[in-house]
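Chains as they are written, first to last, in my numbering: chain A, 1 to 465; chain B, 1 to 415.
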């Protein structure tokens, strides 16, 4: 069912064909964050769309404990320049697991994938943290400020070689990507624009850990970019890109893919109104995200389960939903085998996402991480993600109640009846299995619960976001 | 040696019954004895050099004064190149491949490969190479299309961060990406054999792509997931039966690329019918600090040269050298002149290498001119689709026209 472009971006109100129910709440919490707990699902349904959306969009302020711990872990002592990449990744995962404003971390992830910078080349954890802070500050703020500041961000200066680009022989790396990947997209600039813009980005250096312009290495001469002439600096080129008509459309399309659908290619008539609004707002990303999340499109079949979970969404979402207290370092290690290491995207284009998240190896990786998280046999994650404990907490007893609770929690019931039967069959089959004689009744019950939880996490439906 | 038929018979893969992906079943029955190209059990190994390999410092025109003028700090001195002809030679880091070239006659260098109006975006250009097309929207790859005609089992041997390449998209059965045999296993918490079987039974049964609930969101994505799962579980069962221990005939260097090629050699030698491998090595985007005879680019070329050479010699030691063809490519070459960062910006026109027991050893085509540059870039002499056409026609035995289009005469790269 296609969405009518006229009403697409108007605020959603519940209808018979799009009711406000657990599915809608689960959808909102997955896209605007990292999944919902049972309590969040219940509260969301009870509160109705307006209140639930406000809560997700505003977020709650972080606790003192969260801030103190996170800042300490990010301090120069805990995270020196040469800190291993996994520690950076774990630090952010820990934030995602515990934050009370998941949307902000989610949007930080969006921009990290947009300005995809890898510590594999930067090799400086302090610079990477600095870029994280820059992005996080503007994640729901002004894109124009973010794009401009990125031109002198130390991690970016290293990543795309601007710090070695000189007047005598400019380096085109940043000039190309700022147009191709950061603001306009292929087809909206020429090779000459890149060569000319590269001159504007000469002379930027890192001094005392900050980006700075060295006039002696900067080409102060006249350049012609997009047909406009001037003695442009890097900041001027950022402005020229922002003024280009392709810019808001490019960002809105990318955000549509991130928040709405991996597979739907929205027509111009759906994108253009948002792009105009985005430019008119001075590139206010928070307003744009709010419009999208509150819209009819967002609560339509076009968006529903129309994305493949990213590894971060899969892992963080699973742990949050299971209300687990799993350590972030093993999760950071686990993400490696799923194809998404934070602060180490595969290239400046970031992660392709969508169907590209899943291949044979990463799929097995997901199944096996889910197993490690739900079982007690894998020492890495401990027993701090214990489905048996979760079920007990919610007073769930009996096979049917267990299966329905899990399918309701992870999938809000979006699994075919045959799948429910298979899970029930499995639980029934365990009655005939000879378990080790020393197992107590509780051991067996916990084992069955863990096994069936793992099975639920391997369902094809659970891979969709 | 285990035959493929034995292999499949002994494998629990047969437990998948009718749902087993077609290609896995079919290979058991394929008769590798017809005399047509591709009907033999030829193996193609594609090595992607990601980032834009500097062709000019890979195959060096060491008699050209222009070359030394364009590259004052990163040029390779004449006395350091590994000479292939009187005018060109390999980068000094490529000694192993140079030996294969001179001693074994197992290397074919195709010079100045590219396409008209080259795109200098990494991603757009890579897509063009993968799809063998410059169409605006590219959804299928050249190998994916070839696999429709000749559905041989293939593997993408991937690093952790690598996604399945577009080149393989469109294949009738998704080519599995494998990072390591150790991790390529479906694990459960089965407390006993029966419990394990019951759990695996559920996991494989719910991944039935024929039974997606139409109400459960977008059927396409769900179907995609289910198909990927089913193919994955079947592939992992298949690979589970291959022993972990593989002792190569020659030592491989310790590098990511070498590890991938060693795994490929193991899979080839295991006789499971695998005939297509796709591997890549990243890092060729050398905008800064590229180095000359030593340095970043040299290290990459060392890895390529030593890994491919070890792979060839390992397979030769097992009697497979005439079955295997390794083909390298990159999305573009680099600018003819160096930039101020002692590196090179995005350019065009670069060599491709083919390595194998039956390639036409030598140099194909002429080195691109250093005086007839276009905006500082080398102009290509051979279209990459001519190389693809040769590989498709002569190696895989597939009609190339529906894949690369008309007018791409296969280059003479096979003896």
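From the three backbone atoms N, C-alpha and C, an ideal C-beta is built for every residue, glycine too.
Computed from a prediction, not measured in an experiment: that's the story for all the values here.
In this structure, residue 100 (chain A) lies near residue 60 (chain A), with their beta-carbon atoms less than 8 Å apart. The continuous stretches of beta strand (DSSP E) do not include residue 299 (chain B), which lies in the alpha helix (DSSP H) extending over residues 296 to 317.
For a cut-off of 8 Å, the C-beta gap from residue 379 (chain B) to residue 369 (chain B) is around 7 Å, short enough to register as a contact. DSSP places residue 230 (chain A) inside the beta strand (DSSP E), whose first and last residues are 228 to 230. Annotation: Cβ neighbours of residue 183 (chain B) in chain A (cutoff 8 Å, chain order): 337, 361, 364, 365 and 368.
At least 8 Å separates the beta-carbon of residue 150 (chain A) from that of residue 127 (chain A).
Nearest to residue 196 (chain A) by C-alpha distance, out of A:207, A:412, A:223 and A:86, is A:223. The beta carbon of residue 175 (chain B) sits closer than 6 Å to the beta carbons of 154, 156 and 168 from its chain, once the five residues preceding and following it are set aside; these are given in chain order. When the Cα atoms are used, residue 321 (chain B) and residue 358 (chain B) turn out to be separated by approximately 8 Å. Scanning A:177, A:267, A:245 and A:157 for the CA closest to the CA of residue 213 (chain A) turns up A:157. Uninterrupted beta strand (DSSP E) stretches at least 3 residues long and entirely within the region 298 to 332 of chain A do not occur. Counting every other CB atom within 10 Å of its CB across the protein chains shown gives residue 438 (chain A) a total below 16, marking it as exposed.
Within the region 116 to 142 of chain B, 119, 120, 121, 122, 123 and 124 place their CB atoms closer than 8 Å to a CB of chain A, listed in sequence order.
The Cβ atoms of residue 300 (chain B) and residue 284 (chain B) lie closer than 8 Å to each other. Counting C-beta atoms within 10 angstroms of its own C-beta, residue 118 (chain A) has 16 or more neighbours from the protein chains shown and is therefore classed as buried. For residue 241 (chain A), DSSP records no beta bridge to any residue. Secondary structure at residue 18 (chain A): strand, using DSSP grouped into helix, strand and coil.
Partner residues in a beta bridge of residue 184 (chain B), as assigned by DSSP, do not exist.
Counting along the chain, residue 69 (chain A) sits inside the alpha helix (DSSP H) bounded by residues 64 to 73. Taking C-beta atoms as the reference points, residue 182 (chain A) and residue 134 (chain A) fail to come closer than 8 Å. For the region 328 to 346 of chain B, residues whose beta-carbon sits nearer than 9 Å to a beta-carbon of chain A comprise 335, 337, 338, 339, 340, 341, 342, 343, 345 and 346. When C-beta distances to chain A are compared with 9 Å, the residues of the region 159 to 188 of chain B below that value are 159, 160, 161, 162, 163, 164, 174, 175, 176, 177, 178, 179, 180, 183, 184, 185, 186, 187 and 188, in chain order. Here DSSP, grouped into helix, strand and coil, assigns residue 385 (chain A) to coil.
The DSSP assignment places complete alpha helix (DSSP H) segments of no fewer than 4 residues inside the region 184 to 236 of chain A at 191 to 200, in order along the chain. Within the region 421 to 440 of chain A, those residues whose Cβ lies closer than 9 Å to any Cβ of chain B are, in chain order, 422, 423, 425, 426, 429, 430, 432, 433, 434, 435, 436 and 439.
Setting aside the 5 residues that flank it on each side, residue 267 (chain A) has no residue in the same chain whose C-beta is closer than 6 Å to its C-beta. Nearest to residue 345 (chain B) by alpha-carbon distance, out of B:47, B:70, B:271 and B:389, is B:70. Per DSSP, residue 46 (chain B) is one residue of the beta strand (DSSP E) stretching across 43 to 50. Contact of residue 203 (chain B) with chain A is assigned, a C-beta pair being separated by under 8 Å.
Of the other Cβ atoms in all chains shown, 16 or more fall within 10 Å of the Cβ of residue 90 (chain A); this residue is therefore buried. Residue 402 (chain A): member of the alpha helix (DSSP H) spanning 399 to 411, first to last residue. By the Cβ test, the region 188 to 207 of chain B is in contact with the region 421 to 433 of chain A, since at least three Cβ pairs between them sit closer than 8 Å. The shortest CA-to-CA distance from residue 115 (chain B) to any of B:326, B:270, B:131 and B:43 is the one to B:131. No alpha helix (DSSP H) of 4 residues or more sits fully in the region 346 to 389 of chain B. In this structure, residue 326 (chain B) lies away from residue 110 (chain B), with their beta-carbon atoms at least 8 Å apart. Excluding residues up to 5 positions away in sequence, 332 lie with their Cβ nearer than 6 Å to the Cβ of residue 86 (chain A) in the same chain.
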